[in-house]
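Note sheet for the following structure.
Numbering (the working numbering), first residue to last: 168 to 332.
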């Protein structure tokens with residue numbers, strides 16, 4: 168995994184050269200890794216929503232007499248979320264914020280807190296856009312992602328991977 172992180176870092180840093188007078192390297196790495204993880208999230212969301220879930224309601228049976236019903240766009244979010252959480256943490260830890268000396272479990276806990284805030288924004292944003300405004304789920308998800316990117320960058324830089332704490 169360390170070799171893969173080093174390889175990704177080399178590619179990102181190579182692409183950074185034309186932008187080095189415009190952006191700090193860490194911001195560029197964050198944008199590249201976050202952008203890659205975001206596209207991965209969108210593609211995974213699209214594939215699962217359209218081909219695995221199939222636009223159908225998802226019923227989770229809790230016992231003989233009870234079950235809950237989840238809309239397909241929220242069920243897809245529940246499937247995609249843990250996958251992109253882990254890929255995002257890994258990229259942030261080993262490519263973007265490599266200077267942090269916090270222990271990995273502390274970084275992960277802090278990272279999850281920031282991500283949970285973003286998950287709440289995603290959940291309520293999807294409910295608003297899809298269920299109330301009747302927008303398509305995938306573009307709605309893409310729009311909401313724009314809001315969460317800013318929250319995530321500052322939260323990860325100054326909280327999750329802060330090198331001073």
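Positions of the beta carbon are idealized from the N, C-alpha and C atoms, including for glycine. It should be emphasised that the depicted structure is a prediction, and the values quoted were computed from it without experimental measurement.
- Around the CB of residue 206, fewer than 16 other CB atoms lie within 10 Å, so the residue is classed as exposed.
- Judged by their CB atoms, residue 321 and residue 267 are not nearer to each other than the 7 angstroms cut-off.
- Between residue 220 and residue 198, the CB-CB gap reaches or exceeds 7 angstroms.
- Runs of alpha helix (DSSP H) with 4 or more residues, each lying fully within the segment 173-230, are found at 192-214, listed in chain order.
- Out of 279, 230, 237, the CA that lies nearest to the CA of residue 257 is found in 279.
- Cβ neighbours of residue 277 within its own chain (closer than 6 angstroms, five residues either side excluded): 326, 327.
- Uninterrupted alpha helix (DSSP H) stretches at least 4 residues long and entirely within the segment 253-299 occur at 271-293, given in chain order.
- At least 7 angstroms separates the beta-carbon of residue 213 from that of residue 315.
- When only Cα atoms are considered, residue 260 and residue 231 end up about 44 angstroms apart.
- According to the DSSP assignment, residue 319 belongs to the alpha helix (DSSP H) that extends over 304-322.
- In the DSSP assignment, residue 241 forms no beta bridge with any residue.
- Nearest to residue 293 by alpha-carbon distance, out of 245, 223, 229, 265, is 245.
- Straight through space, the alpha carbons of residue 193 and residue 264 are spaced by roughly 7 angstroms.
- Here the C-alpha atom of residue 251 lies approximately 25 angstroms from the C-alpha atom of residue 181.
- Residue pairing for residue 234: DSSP places it in a beta bridge opposite 228.
- When the beta-carbon positions are compared, residue 196 and residue 262 come within less than 7 angstroms of each other.
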